[in-house]
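Working notes for the structure below.
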Amino acid sequence: MLAHGYGVALEMWWSQEAALSRDYRLITWDARGHGESSAPDDLASYTMPALAADLHGLLEGIEAVDGAVIGGMSFGGMIALQYGVDHPSDTHALILSDTTTRGNAPPRPDQRSGDPPGRACTRLAMQTRPDLTAALPGLDIPALVIVGEWDEGILGGLPRLVDGLPRRRRVLLQQASHGTSGQRPDAWNEAVLRFLADVEAGHPLGDEEVR
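Residue numbers for the sequence shown follow numbering that gives the first Met the number 0, so the first one is 0 and each next one is one higher.
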């Protein structure tokens, strides 16, 4: 299951579809306020726990909860991490790409202008989300953390994420900034597939890979 970033939709994963669908059932979705999904205008509908509950309900509805690998990029990674914290027994592994454990700084004015209500609520929910750092040591779930070497907005908070997760592999993708799955799709896909294979085989996750 892959959750998209803020301001985009499930189509962002087109570079992953062929590679990941060969051996796995790949599910993507449009979160509230994005793509084809509804866009309520109340902030409570866009909290990270509410979005994680949406995702859990979706997976239950299509009978895909058991053994699910939950992943996401940026905003979607926040949802994935919240899902793992809220539903650890239903989470086989996590893929956390270009994301952090706590709220982001407000976007620039040019990024805020013209936001539709659902998008604006999503942005505010991202900025005010609970800090999940303290919950990480108890999260006994294999996790893949991917970040681009030029993603300054994420690199500063990366130690909180990688140091807190007890079972994780960190992958630093060279020549990439925010949005590694689109900028370096082949390397991103390879990192994910290798991680999933190692999880299934029970291999050690290792400390860090640089690609």
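For glycine and all other residues, C-beta sits at the position ideal for the given N, C-alpha and C. Treat the numbers as computed from the prediction; the structure is a model and nothing was measured.
Alpha-carbon to alpha-carbon, residue j and residue i
i, j, result
"Gly-205", "Asp-40", "44 Å"
"Leu-195", "Ala-52", "24 Å"
"His-86", "Arg-210", "31 Å"
"Arg-169", "Glu-207", "5 Å"
"Glu-151", "Ala-63", "35 Å"
"Ala-211", "Met-47", "The structure shown has nothing for residue 211, since the chain only spans 0 to 210."
"Gly-156", "Thr-179", "17 Å"
"Pro-129", "Ala-92", "21 Å"
"Gly-71", "Ile-94", "6 Å"
"Pro-105", "Leu-42", "Unreliable positioning characterises Pro-105 in this predicted model, as indicated by a pLDDT of 44, which lies under 50. The coordinate reading is nonetheless provided below. Those two C-alpha atoms are separated by around 16 Å."
"Leu-160", "Glu-35", "31 Å"
"Val-198", "Leu-192", "10 Å"
"Glu-136", "Met-77", "First, the amino acid is wrong: residue 136 is Pro here, not Glu. The alpha-carbon atoms of Pro-136 and Met-77 are separated by roughly 17 Å."
"Ile-26", "Ile-153", "25 Å"
"Ala-134", "Ala-79", "14 Å"
"Glu-16", "Ala-190", "15 Å"
Inter-residue CB distance, residue i and residue j (contact presumed, cutoff 8 Å)
i, j, result
"Met-0", "Ala-67", "6 Å"
"Gly-147", "Leu-172", "5 Å"
"Thr-90", "Ile-69", "6 Å"
"Ala-277", "His-3", "Not covered by the structure: residue 277. The range shown for the chain is 0 to 210."
"Leu-131", "Arg-101", "7 Å"
Chain-order list of residues whose beta-carbon lies under 8 Å from that of residue i (same chain, five-residue window excluded)
i, result
"His-181", "Note that residue 181 is Gly in the sequence shown here, rather than His. Once the five neighbours on either side are set aside, the close Cβ partners of Gly-181 are Met-11, Ser-14."
Same chain, Cβ closer than 7 Å to residue i, five either side skipped, listed in chain order
i, result
"Ser-73", "Gly-4, Tyr-5, Asp-97, Thr-98, His-177"
"Pro-108", "Confidence at Pro-108 is low in this model, with a pLDDT of 43, below 50, so its placement is unreliable and no value can be given for it."
"Ile-140", "Gly-83, Pro-87, Thr-90, Ala-92, Leu-93, Arg-166"
Close beta carbons around residue i, own chain, < 6 Å, minus the five adjacent residues each side
i, result
"Ala-18", "Asn-188"
"Arg-183", "Leu-172, Ala-175"
"Gly-75", "Ala-2, His-3, Gly-4"
"Ala-186", "Leu-172, Arg-210"
If you scan the segment 13-90 from start to end, which runs of the beta strand (DSSP E) of 3 or more residues do you find wholly inside it?
67-72
Alpha helix (DSSP H) segments (min. 4 residues) lying fully within the segment 136-183:
151-154, 157-163, 179-182
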